[in-house]
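Undergrad: Counting in our numbering, the sequence shown runs from 11 upward without gaps.
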Amino acid sequence: MPMPGALPSATMDMRHEASVPPVDLTRPKGLGKVPVPDLIRELIARVDGAPLDRELLRLLHELSNRIEPALRHPDNRFAPEHLQESLGTFWWWQQDVCPASVEGENVLELGAGAENPLALVTAMVLMGAAEGHALELTPPISDAEQARALSRLVCWLTLRREVFPKLDLADQRATIAANAKAFDVDRLAAGELLLPENVHLLVAKAERTGLADRSIHRVMSSSFLEHAEDPTAVVREIARVTASGGVSIHNVDVADHGTYWGEVESPVAFLLEAPGQAMVRGANRMRIHEHVRLFESHGFTLLKRNDYAHHEWNKRELRRRVPPYSTMQLDELEPIRSVLVFRRD
Ligand SMILES: C[S@@+](CC[C@H](N)C(=O)[O-])C[C@H]1O[C@@H](n2cnc3c(N)ncnc32)[C@H](O)[C@@H]1O
11 MPMPGALPSA
21 TMDMRHEASV
31 PPVDLTRPKG
41 LGKVPVPDLI
51 RELIARVDGA
61 PLDRELLRLL
71 HELSNRIEPA
81 LRHPDNRFAP
91 EHLQESLGTF
101 WWWQQDVCPA
111 SVEGENVLEL
121 GAGAENPLAL
131 VTAMVLMGAA
141 EGHALELTPP
151 ISDAEQARAL
161 SRLVCWLTLR
171 REVFPKLDLA
181 DQRATIAANA
191 KAFDVDRLAA
201 GELLLPENVH
211 LLVAKAERTG
221 LADRSIHRVM
231 SSSFLEHAED
241 PTAVVREIAR
251 VTASGGVSIH
261 NVDVADHGTY
271 WGEVESPVAF
281 LLEAPGQAMV
291 RGANRMRIHE
301 HVRLFESHGF
311 TLLKRNDYAH
321 HEWNKRELRR
331 RVPPYSTMQL
341 DELEPIRSVL
351 VFRRD
C-alpha cells in the first residue's frame with residue numbers, strides 16, 4: 011500500500027527534475043592547452059570551500075561520474091582491477107600448482123608498496139588465511155587513505171563480487187562473509203586504520219622480516235625482486251621463513267624501468283651499459299633464468315614459469331650487450347616479464 015502522501019510528493023519531484031536543464035559542458039576558452047595535471051591541481055586548490063551553487067554541484071557530480079571509470083585501471087593500486095590482478099596472480103591463476111584455497115595459511119607479501127600495502131593480504135584473510143603480513147620498506151603514504159581503501163575492499167568482496175569478473179569467488183562467499191565480521195567497515199570508512207589482529211603491516215627490509223622460521227605458507231611479490239639491492243639475501247630470508255611445502259609466487263618485471271618514464275626507448279637498454287654496476291635505474295638487471303637459479307639454489311623447486319612478455323632483440327642491441335649479458339643465450343634474454351611459482355623443499 012502506498013504511504014499517504016507518497017504519490018503526490020514523488021510526482022512533484024519528477025516535475026521538478028524535468029525542469030532542470032542539462033548540465034552545460036561548453037569548454038571555456040583559453041584552457042585547452044593547460045596540461046591535465048595542472049588543471050587538476052588548480053581544481054583541488056579551488057574547489058574546497060567554494061560556494062556550492064546548483065551549477066557547481068551538477069558539474070562536480072558529472073566530474074565524479076567521469077572520473078570513477080577512468081580510475082578503474084589495474085595500475086591504480088586502489089581499484090578493484092588491481093586487486094583482481096593480484097588475487098589472480100597469487101591465488102586463482104595458480105590453482106593448477108598451488109593449494110586451491112588459502113584457508114588456514116599464513117601469507118606474506120614482500121615489497122607491498124607504500125600506497126595500499128595491506129590490500130592483498132586483507133583479501134586473503136577474508137578468504138580464510140590465518141595470518142596476513144604485508145612487508146614494505148617505505149612507510150605508507152597515509153593511514154586514513156589505507157583505511158578507506160580497506161573499507162571499500164571489504165565491501166567489494168562481500169557485496170560486489172561482480173567487480174572481479176576474472177575470478178570465480180562463489181566458493182569463497184560464506185568464508186568471506188564470516189571473516190568480514192572482524193572488520194569495522196564504518197570506522198575504516200571514516201579513516202581509522204583499525205585492523206583485526208591477524209592483519210599485519212611490517213615496515214621493514216625484506217632481507218630481515220623478523221618472522222619465525224618456516225612460519226609462512228605463501229610468499230608473494232609483484233614488481234619487487236627486480237628492485238632488491240641484495241637479491242641473494244632476500245631469497246635466503248624467503249627460504250628461512252617459508253614452511254616446507256609452502257609456495258613462493260613472484261611476478262617479476264626485468265625490463266629497463268627507464269622505458270616507463272621515457273628515459274630510454276628499449277626495455278633492454280640497461281643491458282648495453284655500465285658493466286658490473288649493481289643497480290641501474292632502480293633495478294638489479296637479473297634475468298628471469300637467474301631468478302629461477304637463485305631460488306633453486308636456496309631449496310625451492312620451480313612449479314611453474316609463465317613468461318608473459320618478451321623483447322625481440324635487434325642486431326645493434328645484440329652487438330652492444332655488456333658482460334655478463336654478452337654471453338647469455340637469446341632465449342635467456344628475451345623474456346622480460348614472468349610469474350614464477352616455487353615450492354619450498
Ligand atoms: C615497484 S614497487 C611495487 C609495489 C607493489 N608490489 C605493486 O606492485 O604495486 C617496489 C616496492 O618494493 C619496495 N622495496 C624495494 N626493496 C625492498 C626491500 N629490500 N625490502 C622491502 N621492500 C623493498 C619498494 O619500497 C617499493 O615499494
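We treat Cβ as the ideally placed atom computed from N, Cα and C, and that holds for glycine. For clarity, every value in this text was computed on a predicted model and none was experimentally measured.
Along the beta strand (DSSP E) that carries residue 325, what are the first and last residues, could you check?
TA: Here the question's residue 325 lines up with position 315 in the sequence shown. It is not in any beta strand (DSSP E) - residue 325 instead sits in the alpha helix (DSSP H) that spans 325 to 330.
Undergrad: Taking only three categories from DSSP, how would you classify residue 151?
TA: In the sequence shown, the residue the question calls residue 151 occupies position 141. Coil, per DSSP.
Undergrad: Using the Cα positions of residue 213 and residue 29, report the straight-line distance between them to the nearest angstrom.
TA: Sequence index remark: in the sequence shown, residue 213 carries index 203 (1-based). Sequence index remark: in the sequence shown, residue 29 carries index 19 (1-based). Answer to the nearest angstrom: the Cα atoms are 56 Å apart.
Undergrad: For residue 222, tell me which candidate among 203, 130, 251 and 229 has the shortest Cα-Cα distance.
TA: Translated into positions along the sequence shown, residue 222 becomes position 212. Of the candidates 203, 130, 251 and 229, the one whose C-alpha sits nearest the C-alpha of residue 222 is 251.
Undergrad: Which residues in the same chain as residue 297 place their Cβ atom closer than 8 Å to its Cβ, once the five residues preceding and following it in sequence are excluded?
TA: On the sequence shown, position 287 is the one that residue 297 refers to. Here the set comprises 264, 335, 338, 342, 343 and 345.
Undergrad: Given 8 Å as the limit, is there contact between the region 155 to 168 and the region 189 to 204, that is, 3 or more CB pairs closer than that?
TA: Flag = yes, the region 155 to 168 and the region 189 to 204 touch.
Undergrad: What's the C-alpha gap between residue 354 and residue 321?
TA: The count along the sequence shown starts at 1 and reaches residue 354 at position 344. The count along the sequence shown starts at 1 and reaches residue 321 at position 311. Approximately 30 Å between the Cα atoms of the pair.
Undergrad: State buried or exposed for residue 340, treating a residue as buried only when at least 16 other CB atoms are found within 10 Å of its CB.
TA: As a first step, residue 340 must be located in the sequence shown, where it is residue number 330. So residue 340 counts as exposed.
Undergrad: Looking at the unbroken alpha helix (DSSP H) that takes in residue 134, where does it start and where does it end?
TA: In the sequence shown, the residue the question calls residue 134 occupies position 124. Run containing residue 134: 129 to 136, per the alpha helix (DSSP H) assignment.
Undergrad: Should residue 311 be counted as a contact of ligand 1 given a C-beta to heavy atom distance under 6 Å?
TA: The sequence position of residue 311 within the sequence shown is 301, counting from 1. It does not: the Cβ of residue 311 is nowhere closer than 6 Å to a heavy atom of ligand 1.
Undergrad: Compute every distance between the C-beta of residue 348 and the non-hydrogen atoms of ligand 1, then say whether any falls below 6 Å.
TA: Within the sequence shown, the letter at position 338 stands for residue 348. Incorrect: residue 348 has no Cβ contact closer than 6 Å to ligand 1.
Undergrad: List the residues that DSSP assigns as beta-bridge partners of residue 352.
TA: Reading the sequence shown from its first residue, position 342 is the one you call residue 352. Per DSSP, 258 and 312.
Undergrad: For residue 121, which option in 114, 62 and 129 has the closest C-alpha, if you only look at C-alpha atoms?
TA: Within the sequence shown, numbered from 1, the residue matching residue 121 stands at position 111. When each option's Cα is compared against that of residue 121, the closest is 129.
Undergrad: For residue 71, count neighbouring Cβ atoms within 10 angstroms of its own Cβ and tell me buried if that reaches 16, exposed if not.
TA: Against the sequence shown, residue 71 aligns to sequence position 61. Label assigned to residue 71: exposed.
Undergrad: Report the three-state DSSP secondary structure of residue 189 (helix, strand or coil).
TA: Your numbering for residue 189 matches position 179 in the sequence shown. It is helical.
Undergrad: Taking only the alpha-carbon atoms, compute the straight-line gap between residue 144 and residue 108 and give it to the nearest angstrom.
TA: Working through the sequence shown from its first residue, we reach residue 144 at position 134. Working through the sequence shown from its first residue, we reach residue 108 at position 98. Whole-angstrom Cα-Cα distance: 20 Å.
Undergrad: Where does residue 74 land, buried or exposed, given buried means 16+ other C-beta within 10 angstroms?
TA: As a working mapping, residue 74 is identified with position 64 in the sequence shown. With fewer than 16 other Cβ atoms within 10 Å, it is exposed.
Undergrad: Would you mind reading off the limits of the alpha helix (DSSP H) that contains residue 299?
TA: The residue labelled residue 299 in the question sits at position 289 within the sequence shown. Segment 298 to 306, the alpha helix (DSSP H) holding residue 299.
Undergrad: Tell me, please, whether the CB atom of residue 151 is closer than 7 Å to any CB atom in chain C?
TA: The chain inventory of the structure shown lacks chain C, comprising one protein chain alone.
Undergrad: Given the structure, does residue 215 come close to ligand 1, in the sense that its CB is under 6 Å from one of the ligand's heavy atoms?
TA: Within the sequence shown, the letter at position 205 stands for residue 215. Checking the Cβ of residue 215 against ligand 1 gives yes.
Undergrad: Quick one: what does DSSP say residue 173 is sitting in, helix, strand or coil?
TA: Start at 1 with the first residue of the sequence shown, and residue 173 comes out as number 163. Correct three-state label for residue 173: helix.
Undergrad: Any idea what DSSP makes of residue 245, helix, strand or coil?
TA: Translated into positions along the sequence shown, residue 245 becomes position 235. Residue 245 falls in the helix class under three-state DSSP.
Undergrad: Rounded to a whole number of angstroms, what is the C-alpha to C-alpha distance between residue 80 and residue 147?
TA: Position 70 of the sequence shown holds residue 80. Position 137 of the sequence shown holds residue 147. For residue 80 and residue 147, the distance between alpha carbons rounds to 29 Å.
Undergrad: Under 7 Å between the Cβ atoms of residue 284 and residue 278?
TA: Taking the sequence shown and counting its residues from 1, the one referred to as residue 284 is at position 274. Taking the sequence shown and counting its residues from 1, the one referred to as residue 278 is at position 268. Contact: no.
Undergrad: Of the residues 157, 155 and 115, which one's Cα is nearest the Cα of residue 142?
TA: Looking up residue 142 in the sequence shown gives position 132. Comparing Cα-Cα distances from residue 142 to each of 157, 155 and 115, the minimum goes to 115.
Undergrad: Tell me where the beta strand (DSSP E) around residue 74 begins and ends.
TA: Looking up residue 74 in the sequence shown gives position 64. It is not in any beta strand (DSSP E) - residue 74 instead sits in the alpha helix (DSSP H) that spans 64 to 81.
Undergrad: Taking a contact to mean a Cβ-Cβ separation below 7 Å, would you say residue 349 touches residue 99 in this structure?
TA: Here residue 349 is taken as the residue at index 339 of the sequence shown, counted from 1. Here residue 99 is taken as the residue at index 89 of the sequence shown, counted from 1. Their beta carbons are under 7 Å apart, which means residue 349 touches residue 99 by this criterion.
Undergrad: Just to confirm, does residue 232 get its C-beta within under 6 Å of one of the non-hydrogen atoms of ligand 1?
TA: Walking along the sequence shown from the start, residue 232 turns up at place 222. Yes; taking the cut-off as 6 Å, the Cβ of residue 232 has a heavy atom of ligand 1 nearer than that.
Undergrad: Alpha carbon to alpha carbon, how far is residue 351 from residue 131?
TA: On the sequence shown, residue 351 is found 341 positions in, with the first residue counted as 1. On the sequence shown, residue 131 is found 121 positions in, with the first residue counted as 1. Each residue's alpha carbon lies about 18 Å from the other.
Undergrad: Taking 6 Å as the cut-off, is the C-beta of residue 222 nearer than that to any heavy atom in ligand 1?
TA: Here the question's residue 222 lines up with position 212 in the sequence shown. Incorrect: residue 222 has no Cβ contact closer than 6 Å to ligand 1.
Undergrad: Heavy atom of ligand 1 less than 6 Å from the Cβ of residue 293, yes or no?
TA: One-based indexing of the sequence shown puts residue 293 at position 283. It does not: the Cβ of residue 293 is nowhere closer than 6 Å to a heavy atom of ligand 1.
Undergrad: Only counting the same chain, and skipping five residues up and downstream in sequence, which positions put a Cβ closer than 7 Å to that of residue 58?
TA: The count along the sequence shown starts at 1 and reaches residue 58 at position 48. Answer for residue 58: no residue qualifies.
Undergrad: Secondary structure at residue 229, three-state DSSP: helix, strand or coil?
TA: Taking the first residue of the sequence shown as position 1, residue 229 is located at position 219. Three-state DSSP puts residue 229 in a strand.
Undergrad: Is residue 260 near ligand 1, judged by its Cβ being under 6 Å from some heavy atom?
TA: If you number the sequence shown from 1, residue 260 lands on position 250. Not so, every heavy atom of ligand 1 lies at least 6 Å from the Cβ.
Undergrad: Quick one, which of 82, 90, 275 and 329 has its alpha-carbon nearest residue 167's?
TA: Residue mapping note: residue 167 aligns to position 157 of the sequence shown, counting from 1. Taking only the C-alpha atoms, the option nearest residue 167 is 90.
Undergrad: Can you give the Cα-Cα distance for residue 240 and residue 112, rounded to whole angstroms?
TA: Mapped onto the sequence shown, residue 240 falls at position 230. Mapped onto the sequence shown, residue 112 falls at position 102. Rounded to the nearest angstrom, the two C-alpha atoms are 29 Å apart.
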